[in-house]
Structure formats: C-alpha cells, structure tokens
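Since the structure comes first, as structure tokens, the remarks are kept for the end.
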Amino acid sequence: MSEHEYSTDRVREVDSGSFTISYRVRVNTTVDQLWPMAANPHRHHELDGSGSLSKKVRGPEVLAEGDTFNIWMRRLGIPYTLKMRVLIADPQHEIAWQHPSKHVWHWVFEPADDGGTWVTETFDYRQASPLTIRLWKLGDIFNQNASDIRSTLQQLQDRYAKEAHV
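If you read the sequence shown in the numbering used here, its first letter stands for residue 1, the second for the next number, and so on.
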C-alpha cells in the first residue's frame, strides 16, 4: 500500500483480502506514542472506539507472542470477559490477538514520511467456523465491527490532532 492512495484526513477502507474487514488512517504522532497502547492490554480501552472495552484486564503489561490476557467487556448492556491469545507481537510494527471464536484483531503501525503514523486495524475472521459466521451475519456483527473500527481509528486520529494544536 502506498501512502498517496490514502487521504490524510479520513479513515479509509483497505482491501486486506477475503474474510477480513480493514481500515486505515494517518495519525499525527509517532509509532513510539501509539505502540504502548496497543502492546499493553491494560490500555486497550484507550484505543477502543466501540465503548465495549472496560479498564479491567488481567494479563501482562507488555504483550509478547503466545501471551494471553483476559479483558472485561460490555455489549448491549451485557457484561462478559474474554481470554485473548497473542499471535503476533512485532514491537513498533504490528500486533494481533485471537478471540476464543478464532477471529483475530490485527493492528499495523507504519511510519509516515511526514512524522505521523499510518495505522491499520483489521478484523480477520478467516479462521471462524461457518456456524459462527452465519450467526454473525444474523446479528449484523460485520457491519457493527466495521463501524467500530472506523470509530476507533477516527477517535485515535482526533486525539492526536487535538494534541498537535495545543
């Protein structure tokens, strides 16, 4: 993906292949500022644009490949907890964790030429079972996740746009 394909002021959908939902945005800060939020599950609520993640987490402060962490969430007013497993933890570049239903949340951070960072978030459901996918379609989960990713990335971009103008 080349940077000139993407506007610097809007969250854009990117083609990341079949059975994935992926969006990308340019954020006005360095990877050094963003990485600690993604690599620390105790800070994931700071990234979340869906409003579903709580501050309550059990797990390491810095994630490494193979680690697990539990995160408390709330959807439709219903609280629950999930155990996630880290699949990728490439410091300052990418991190991915797998949900118990086998889908993966994947983040990629790429330095932009102007000192900002290109951030891509992907919901990858290639490993989800056909039954799970059918249930998600019935529950409109794909549209909800796409909306949540856009909100997350827009919130992240706005957070650092405001700090840049202080």
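A virtual CB, placed ideally from N, CA and C, is assigned to each residue, including glycine. In this text, all values refer to a predicted model and were calculated from it rather than measured experimentally.
Check, Outcome
"Between the Cα of E65 and those of R43, I71, W72, I95, spot the shortest distance and give me the residue it belongs to.", "I95"
"Starting from E110, follow the alpha helix (DSSP H) in both directions and report where the run begins and ends.", "Not the alpha helix (DSSP H): E110 falls in the beta strand (DSSP E), residues 104-111."
"Excluding sequence positions up to five away, which residues of its chain have a Cβ less than 8 Å from the Cβ of K83?", "T68, F69, N70, P100"
"Does F123 pass the burial test, meaning 16 or more other C-beta atoms within 10 Å, or should it be called exposed?", "buried"
"Rounded to whole angstroms, what is the Cα-Cα separation between R12 and R24?", "5 Å"
"Please classify Y80 as buried or exposed, where buried requires at least 16 neighbouring CB atoms within 10 angstroms.", "exposed"
"List the whole-angstrom C-beta distance separating T152 from L47, where the pair is believed to meet the contact cut-off of C-beta under 8 Å.", "6 Å"
"How is the beta strand (DSSP E) around L53 delimited, first residue to last?", "53-58"
"On a CA-only basis, which of R159, T120, L34, T29 is nearest D15? Give me that one, please.", "T120"
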